[in-house]
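Start counting the sequence shown at 51; every next residue gets the next number (this note's numbering). The beta-carbon is built from N, C-alpha and C at its ideal position, and this holds for glycine as well. Note that this is a predicted model, so its numbers are computed, not measured. Structure first, commentary second.
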Amino acid sequence: MTSYRTIFLSDLHLGMRGCQAERVLDFVRHHQAERWVLVGDVVDGWALTRSWTWQQVHNDVVQKLLREVRKGAEMVYVPGNHDGAARQFIGLTFGGILVQRDWVHTTADGKQLLVLHGDEFDGVVRLAPWLSRVGARAYEVSLALNTVVARVRERMGKPYWSLAAALKDRTKRALQYIDRFEEAVAARAVEAGVDGVVCGHIHRPELRDVVTEAGATLYANCGDWVENCTALVEHHDGRLEIVRWTGPIQRAASEPSGDGVRHSVADLAPRLALGAEAAGLGLDTGALLGTDR
Ligand SMILES: [Mn+2]
Numbered sequence: 051m052t053s054y055r056t057i058f059l060s061d062l063h064l065g066m067r068g069c070q071a072e073r074v075l076d077f078v079r080h081h082q083a084e085r086w087v088l089v090g091d092v093v094d095g096w097a098l099t100r101s102w103t104w105q106q107v108h109n110d111v112v113q114k115l116l117r118e119v120r121k122g123a124e125m126v127y128v129p130g131n132h133d134g135a136a137r138q139f140i141g142l143t144f145g146g147i148l149v150q151r152d153w154v155h156t157t158a159d160g161k162q163l164l165v166l167h168g169d170e171f172d173g174v175v176r177l178a179p180w181l182s183r184v185g186a187r188a189y190e191v192s193l194a195l196n197t198v199v200a201r202v203r204e205r206m207g208k209p210y211w212s213l214a215a216a217l218k219d220r221t222k223r224a225l226q227y228i229d230r231f232e233e234a235v236a237a238r239a240v241e242a243g244v245d246g247v248v249c250g251h252i253h254r255p256e257l258r259d260v261v262t263e264a265g266a267t268l269y270a271n272c273g274d275w276v277e278n279c280t281a282l283v284e285h286h287d288g289r290l291e292i293v294r295w296t297g298p299i300q301r302a303a304s305e306p307s308g309d310g311v312r313h314s315v316a317d318l319a320p321r322l323a324l325g326a327e328a329a330g331l332g333l334d335t336g337a338l339l340g341t342d343r
């Protein structure tokens, strides 16, 4: 059992196919904190609207978090866009969980961190259709892609190099989007006069100083529990760290054995980009793959 002062979690996407709920559960079981901060997209209401994929393990995660509160942990919940329905409860406390639109967290060493989900910057950064409702489905589909790339190639009748080239081009655009998102979020923190910002939303864990035109600030992104399985933690002395959890591998019957579920940040970008491309072009990736995920 590892103990931290604060644990920040975002983008669990409970209820979405591809959500690694077993890993979340394992992480929560092995950690304790004085305060838990949920940075949005905890439950994926969009996915649940499309098809009901709520499983017992998703309930288990919610119950486990509630138990932490009963045991005395503080919990702050900043809803995201996928669980935006919870935004109607801003300012209220449910079962000891305080719901906030955004939140200023003060670290043990006195740093002030503005906590927000990050979807409020979608309007500023207009390069990522995969963050939209339409793109969300394409993104979900693209998550399944890397395991069936061989089949796609065969069906499309395209040689491997052309697919690789296309991915390379799209990766560049996805990275450009990520840069712009990080800058926009950092600029908000500078504007707010705080020492840093904690967000989620783009499923890319990060902890670094970002220099904007208005000044430099600490940018922290919790990452997600669909691909990266990361949390942002604050040690008891105020030091921040990204923790990557490699607990038990979730293995559904339809999934390949081995490391078919875990993906590195490095191969996240092309798949995000492919989702973007599919959304942007109205391309039915599901049909291409011969699956209807
Ligand atoms: Mn989001």
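Original post:
How about D152: is its Cβ closer than 8 Å to a heavy atom in ligand 1?
Top reply: It does not: the Cβ of D152 is nowhere closer than 8 Å to a heavy atom of ligand 1.
Subject >> 3 or more residues per run - each beta strand (DSSP E) lying fully within the region 83-137 >> reply: Listed in chain order, they are 124-127.
**OP:** Under 8 Å by Cβ, that's how I've got H286 and G90 pegged, so tell me the actual separation to the nearest angstrom.
**Re:** Rounded, the Cβ-Cβ distance is 25 Å, inconsistent with contact.
**OP:** Compare the C-beta of Q226 with all C-beta atoms of chain B and state if any pair is closer than 9 Å.
**Re:** Annotation note: the requested chain B is absent from the structure, which comprises a single protein chain.
Original post:
What does the shell around ligand 1 hold, if a residue joins when its beta-carbon is under 6 Å from any heavy atom?
Top reply: The filter returns G90, D91, G130, N131, H132, H167, D169, H251, in chain order.
Original post:
Between which two residues does the alpha helix (DSSP H) carrying F58 extend?
Top reply: Not the alpha helix (DSSP H): F58 falls in the beta strand (DSSP E), residues 52-59.
Subject >> Inter-residue CB distance, G146 and V119 (contact presumed, cutoff 8 Å) >> reply: A Cβ-Cβ separation of about 4 Å places G146 in contact with V119 under the 8 Å criterion.
Subject >> Local Cβ density within 10 Å of L142, reported as buried at 16 or more and exposed below that >> reply: Its Cβ having fewer than 16 others within 10 Å, L142 is exposed.
Original post:
So what does H63 bridge to, in DSSP terms?
Top reply: Bridge partners of H63: none, in fact.
Original post:
From E170, E263, H132, pick the residue whose C-alpha is nearest to that of D94; which is it?
Top reply: Per the Cα distances, H132.
Subject >> DSSP-derived helix/strand/coil call for E284 >> reply: Taken through DSSP and simplified to helix, strand or coil, E284 comes out as strand.
**OP:** Could you please give the first and the last residue of the uninterrupted beta strand (DSSP E) stretch that includes V165?
**Re:** V165: member of the beta strand (DSSP E) spanning 162-165, first to last residue.
**OP:** Quickly, what does DSSP pair R294 with across the bridge? List them, please.
**Re:** Partner(s): T280.
Subject >> Proximity of T247 and V87 at Cβ, strictly below 9 Å >> reply: According to the sequence shown, residue 247 is Val rather than Thr. Taking 9 Å as the Cβ cut-off, V247 and V87 do not qualify as a contacting pair.
Subject >> Contact belief for P255 with G273 at Cβ below 8 Å, rounded distance in angstroms >> reply: The C-beta distance from P255 to G273 rounds to 3 Å, short enough to meet the 8 Å contact threshold.
Original post:
From V111, W153, D76, D245, pick the residue whose C-alpha is nearest to that of G160; which is it?
Top reply: That would be D245, whose Cα lies nearest to the Cα of G160.
Original post:
Is D259 helix, strand or coil by DSSP?
Top reply: If DSSP states are grouped into helix, strand and coil, D259 belongs with the strands.
**OP:** Closer than 7 Å by C-beta to F77: which residues in its own chain qualify, once you throw out the five before and the five after it? Chain order, please.
**Re:** Cβ neighbours of F77 beyond the five flanking positions: A281, W295, G297.
Subject >> Segment limits, beta strand (DSSP E) that includes G268 >> reply: Note that residue 268 corresponds to Leu in the displayed sequence, not to Gly. 265-271 is the extent of the beta strand (DSSP E) around L268.
Subject >> Reduced DSSP secondary structure (H/G/I, E/B, other) of I252 >> reply: Here I252 sits in coil by DSSP.
Original post:
How would you call W102, buried or exposed, if buried means at least 16 neighbouring beta carbons within 10 angstroms?
Top reply: With fewer than 16 other Cβ atoms within 10 Å, it is exposed.
Original post:
Going straight from the alpha carbon of Q138 to that of L166, what length do you get?
Top reply: Each residue's Cα considered, the two are about 16 Å apart.
**OP:** On a CA-only basis, which of S53, Q106, L164 is nearest R85? Give me that one, please.
**Re:** For the residues S53, Q106, L164, the minimum Cα distance to R85 belongs to S53.
Subject >> DSSP beta-bridge partners of L148 >> reply: L148 has V126, T143 as its beta-bridge partners, per DSSP.
Subject >> Separation of E263 from P306, as counted between CA atoms >> reply: With a pLDDT of 42 at P306, under the threshold of 50, the modelled position of that residue is not reliable, and the figure given next carries that caveat. Distance between the alpha carbons of P306 and E263: 47 Å.
**OP:** Within the same chain, show all residues whose beta-carbon is closer than 7 Å to that of D152, passing over the 5 residues directly before and after it, in chain order.
**Re:** Once the five neighbours on either side are set aside, the close Cβ partners of D152 are V128, L164, V165, L166.
Original post:
Does the Cβ of M51 have 16 or more other Cβ atoms within 10 Å, making it buried, or fewer, making it exposed?
Top reply: Label assigned to M51: exposed.
Original post:
For Y227, is the beta carbon positioned less than 8 Å from some heavy atom of ligand 2?
Top reply: The ligand content of the structure shown is limited to ligand 1, which means ligand 2 is not among them.
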